[in-house]
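Chains as they are written, first to last, in our numbering: chain A, 3 to 321; chain B, 163 to 616; chain C, 4 to 260. Built from N, CA and C at the ideal position, the CB exists for glycine as well.
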Amino acid sequence: MVDLRKEQQVINMVEWIERPFILGAEDVFYLVMMAFFVALPCSQLGAFLVLRRMSLVGDAISHSVLPGIVVAFLFTEDLSSPWLLVGASGAGLLVTFMIEMIHSKTRVKQDAAIGIAFTSLFAIGVILVSVYASKVHIDADCVVYGKLVSILDHDSVTMLGYDVPKPLVTSAIVAILTMLTVIVCYRILLLSSFDPGMAASIGYRPRIVHYALMAVLSMVVVTSFQAVGAILVIALLIIPAASAYLCSHRLKVMLLLSGVHALISSVMGLYLYVWMDCSFAAAMVVAGSILFLFAWFFGPADGIIIKAFHRRSISLGND
Amino acid sequence: MDYDFTTLASFTINQKAFLATIILGVASGLLGAFVVVRRIALVGDALSHAVLPGVVLGFVMCHMLGIDKNPWVIFSCAVSIGLLGAGMVRAIESTTRLKSDAALGIVLASFFGVGLAMQSGLKDYIDNRAGISTYIYGNAAMISDADLAAMFWTTFVLVVVVWLLIRPLLVVSFDSGFAVGLGYPVKWLNFIFYTLLTFSVVVSMQAVGVILVSALLITPAATAYLLTDRLYRMMLYAVGFAVASGLLGCYVSLTIDSADVPTGPLIALTAAILFGLVYLMAPQHGVISKSLKVFRRKQRINRENTLKAIYKMLENEGFAHDGVGLRDLAEVRKRSIEEVKLDVQRLRKSKEASFDDAKSGIYLTPSGWRRAVEIVRNHRLWELYLTNQADYDADHVHDDAEKIEHVIGASTVRQLERDLDFPVLDPHGKPIPSVSQTMAQQSDGGSQKGATGY
Amino acid sequence: MNIPALETHDLTVTYHKRPVLYGVDVAIPEGNLVGIIGPNGAGKSTFIKSIMGVVPSSGGWVKIFGKPLKESLHRVGYVPQRESVDWDFPVTVMDVALMGTYGRLGLFRRPGKKERMIASESLDKLGMLPYANRQIGNLSGGQQQRVFLARALAQDSDLYLMDEPFAGVDAATEAAIIKLLQEMRENGKTVIVVHHDLQSAQEYFDMLLLLNMRLVAFGETKDIFTQELLHKTYGGRLTVLSEIAEKAAKQGKDVQP
């Protein structure tokens, strides 16, 4: 087996690059687009989470929508039913409410409150999944790894002469809607993230903005759930935004770069998936993490190297 | 049935599973208490996700070394990767503008992603795939003798180190600036602390799974935090709750028929239910006792307001009568007859008033009279204090006094009397009654200068 | 010539890339009650913290009783600002006072009867003994400050550095604290206090240290408490200094100190 791998290394680069296309050009395109449409809305919302210092609330929500999804699914028995969105948003709001009730009524601080709330909801979700394993088409593995590749087995819709898988259409719609929301509400989100006091004084209610953001977040998490599972969503939320944050000081550029990060990590993820034969979702996260490391070292705004360079030039200037 | 407790071999799978949950309860309870009071609950969460690549690495190394799954190899790989994760959080925080939440999120997500990619991509190098998946959701039944031994000794080291360093760890957690002043090696203590934290994560991950380890770290400790004000006691309680949730969760998972339910979520859910019970019932910090306190205070204030209204009605008539009518009282208090009847019922229950059905009259008992006078006195003293000493206008003081009259105690009243030189009249010209006087004396000529409320 | 209790030379601190303290040279003689006075953001707390090594200094040195901090750490007691700790922390008043004795005990020894006695006595001096078993969160602001001082007292140091001990305390506590500080001075201790109220500063302290990003003046209160020096400290923003600071911060944007 080891010899086989050595042999593979000898094969020229072109084969490596063409390798994914063994799956068929159309399928490759669908997979990348699916990954991208899942990662794109996450990256945009994640930018605001990072700026609002709420990254871990995102993590809490992505874990806790699980019981909402499962309960809704038990009733509708359809993974693409809109009721799943309702169930998930309900669970998302429930966890926000639980966190509030714990840390406002007792002396337990917010971080511990988050920890208690989401672990308990996630535990309920996993228990429901395993108890109803035969009825629910999601299993415990899907929660962890996601099933991005399975979109190819789904029913498809014919568009412009192509058979486009249904889930791809759904996530494309969610991605577009989220982008539109972010563009329309850009100013509100910007101001309420930067200076909630000022935002409140000109009539943007910070609480409503907060809950609206959480609701949109829950919906995006649901649509990503099938593709990447409940746990890796946090990676799609935080890593693109954090990488972009290290590359630019301006929010608009940051949002754009987060989108670019989502695209690159989708393509790179596909390659890693094919090369390593591992879970697609995990491969995407690995790709995203590599991009983050690049941004950390070479980021033009906050990278280690640029700062070292600055320091050098300043100390030279002082001499 | 006779067991030989000296060797693990004679234990059944169930007994081993229970033994394992006791061990991990001790480990996560002890460290969890620190995690909660230091407000780093989510660091615990990030750390527990970050050990996954270490676990996979341990399996791969076992394969490469050509040995069976060895818990010591897996433990040491997991601890190293966990510490690498903690170091990376620090590195991101200190070299970039990213805040701690984002740094935690990045490390949590990327390490977990890498772990999953390794796990699914390196199938060929992992002997026992079923073994590794227990590390994600936890399965107490899969714990082998070797695992149990490794868990025990790791926890043993953890307990000894915590026991030796408990005071320095306490000071560093409470006031790290002061710890620097004491000359403690704060950086080393923190390093030791994070190493211990990783130990406790590693000990629990097999039975609880890396995703939910943080539940066992945070929830029992938070439960204990609601019950005690002492850190040492909190640590003991946290261990108790962690062991209890471990045992209960484990018991349910071993007994239910559909064996597919993993242990981790059951343990996490049990811990959450225990938290919920304490959240509601805790004697001091529980929600029920708190709202009960609020309810009782509201009742008392209502009673006192009724007494005050009766006193004022008697006063308006120059204390000519010794009782007031139900209907009149309802009018003064702006309430319906039924509501006032209820109020009077409560006064009768507290023996502060009696009710004469025949005359439909309410009479104050001596204790009721005393309380009524106290309240009116508090009210008028406070009004006087606000106008004389705090320069309030006389028409601005009533609302404030309505609240203060129920809360000031005997010592404050004496202080007010002294500051105001034992006054006789309030700013509106009404007499400030003296508690020692009976109703008859009151009607004779009000209070005299020099009288005290007590 | 006596060795000064505290001596700093060219002590400089940069904070988040921004210089907050410039080349402070000062030698504080033993047995004095010294107030550090200056406007908000003048670096008063930073000065104390950098002496204690809580905030790293970027230049200069500190000597305590003629030795570097490390060697004379056991002779220094530090009282941080009250807001710097979590008052919900599950410890009692007694526990906090006991912490004062931890420095002598090293990392592993446990406090015994003697340490408990010392802690009780310190609490008693501040009138906090009746509260010994209370959780610290159930205290008023003044009482919390008294507990902090009791902890310092239990340390039995020769030099004390206190960060705003009078902030947010009631009049009775303020009087109790100043009485205690004066008593400490009578016993030959050196006490250095960050203080924010100009009016009381004159009557409380023997010596004053005027600080505004750099040392403005240091000496006997009667020599220092002059219109001119106070104006120099408070009046007129230090235009040149803050301009340079601003410039340095901009240039060094994203450059770690």
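8 Å Cβ cutoff, residue i in contact with chain B
i, result
"Tyr-206 of chain A", "no"
"Leu-241 of chain C", "Residue placement at Leu-241 of chain C cannot be trusted, given a pLDDT of 48 that sits under 50; the coordinates are not used to answer."
"Phe-221 of chain C", "no"
"Gln-138 of chain C", "yes"
"Val-73 of chain A", "no"
"Gly-70 of chain A", "no"
"Gly-117 of chain A", "yes"
"Ile-306 of chain A", "yes"
"Thr-121 of chain A", "yes"
"Met-221 of chain A", "no"
"Lys-149 of chain A", "no"
"Ser-48 of chain C", "no"
Residue i at chain A interface by Cβ criterion, 8 Å
i, result
"Ile-566 of chain B", "no"
"Ser-376 of chain B", "yes"
"Ser-272 of chain B", "yes"
"Val-423 of chain B", "yes"
"Val-319 of chain B", "no"
"Gly-247 of chain B", "no"
"His-225 of chain B", "no"
Chain C within 8 Å of residue i, Cβ atoms only
i, result
"Thr-390 of chain B", "yes"
"Thr-250 of chain B", "Checking the displayed sequence, the identity of residue 250 of chain B turns out to be Met instead of Thr. Chain C contact via Cβ: absent."
"Tyr-387 of chain B", "yes"
"Asn-176 of chain B", "no"
Chain A contact residues for residue i, given Cβ-Cβ distances below 7 Å
i, result
"Pro-427 of chain B", "Ala-125, Val-128, Ile-129"
"Ala-264 of chain B", "Val-52, Ser-57, Ile-240, Ala-244"
Closer than 7 Å at the beta carbon, the chain B residues around residue i
i, result
"Leu-76 of chain C", "Gly-345"
"Pro-83 of chain C", "Asp-337, Gly-339, Phe-340"
"Gly-56 of chain C", "Val-342"
Exposure label - residue i; buried when at least 16 CB within 10 Å
i, result
"Gly-305 of chain A", "buried"
"Pro-71 of chain C", "exposed"
"Ala-232 of chain A", "buried"
"Tyr-188 of chain A", "exposed"
"Ile-185 of chain A", "exposed"
"Trp-350 of chain B", "exposed"
"Trp-325 of chain B", "exposed"
"Asp-166 of chain B", "Model confidence at Asp-166 of chain B stands at a pLDDT of 46, short of 50, so the residue's coordinates are unreliable; what they give is reported in the following sentence. So Asp-166 of chain B counts as exposed."
"Trp-64 of chain C", "exposed"
"Val-322 of chain B", "exposed"
"Arg-542 of chain B", "buried"
"Gly-277 of chain B", "buried"
"Gln-368 of chain B", "buried"
Cβ separation of residue i and residue j, assumed to be a contact under 8 Å, to the nearest whole Å
i, j, result
"Cys-239 of chain B", "Leu-219 of chain B", "4 Å"
"Ser-226 of chain A", "Val-235 of chain A", "5 Å"
"Ser-512 of chain B", "Val-363 of chain B", "Not a contact, Cβ separation roughly 55 Å."
"Leu-238 of chain A", "Ser-45 of chain A", "7 Å"
"Gly-48 of chain A", "Ala-243 of chain A", "4 Å"
"His-568 of chain B", "Ile-463 of chain B", "5 Å"
Chain-ordered chain B contacts of residue i [CB-CB under 9 Å]
i, result
"Leu-110 of chain C", "Leu-326, Leu-327, Arg-329, Pro-330, Tyr-346, Pro-347, Leu-351"
"Trp-85 of chain A", "Neighbours of Trp-85 of chain A on chain B: none; closest Cβ ~24 Å, over 9 Å."
Chain-ordered chain C contacts of residue i [CB-CB under 9 Å]
i, result
"Val-323 of chain B", "The contacting residues do not exist; Val-323 of chain B stays about 11 Å from chain C at best."
"Val-333 of chain B", "Met-102, Tyr-105"
Check: residue i C-beta below 7 Å from any heavy atom of the ligand COA
i, result
"Ile-472 of chain B", "Questions concerning the ligand COA fall outside what the structure shown contains, since it holds no ligand whatsoever."
Neighbouring residues, chain C, relative to residue i (Cβ below 8 Å)
i, result
"Met-396 of chain B", "Pro-93"
CB contact below 8 Å: residue i versus chain D
i, result
"Phe-294 of chain A", "Protein chains A, B and C are contained in the structure displayed, whereas chain D is not."
Partners in chain C for residue i, counting only beta-carbon separations shorter than 7 Å
i, result
"Val-199 of chain B", "Phe-92, Pro-93"
"Leu-393 of chain B", "Pro-93, Val-94"
Review point. Where in the segment 98 to 165 of chain A do unbroken runs of the beta strand (DSSP E), each at least 3 residues long, occur, reported from the N-terminal end onward?
Key: The DSSP assignment places 158 to 161 as complete runs of the beta strand (DSSP E) inside the segment 98 to 165 of chain A, in order along the chain (cut-off: 3 residues).
ask   = Residue ranges of each alpha helix (DSSP H) run of no fewer than 4 residues wholly in the segment 208 to 266 of chain B, ordered along the chain?
value = 214 to 227, 233 to 257
> Which runs of the beta strand (DSSP E), 3 residues or longer, sit entirely within the segment 457 to 493 of chain B?
Replying inline: Within the segment 457 to 493 of chain B, complete beta strand (DSSP E) segments of at least 3 residues are found at 485 to 487, given in chain order.
Whole runs of the alpha helix (DSSP H) within the segment 14 to 68 of chain C, excluding any shorter than 4 residues = The qualifying runs are 47 to 55.
Practice problem: Jot down the residue ranges of each uninterrupted alpha helix (DSSP H) in the segment 64 to 127 of chain C, minimum 4 residues, whole runs only, in chain order. | Solution: 72 to 75, 96 to 108
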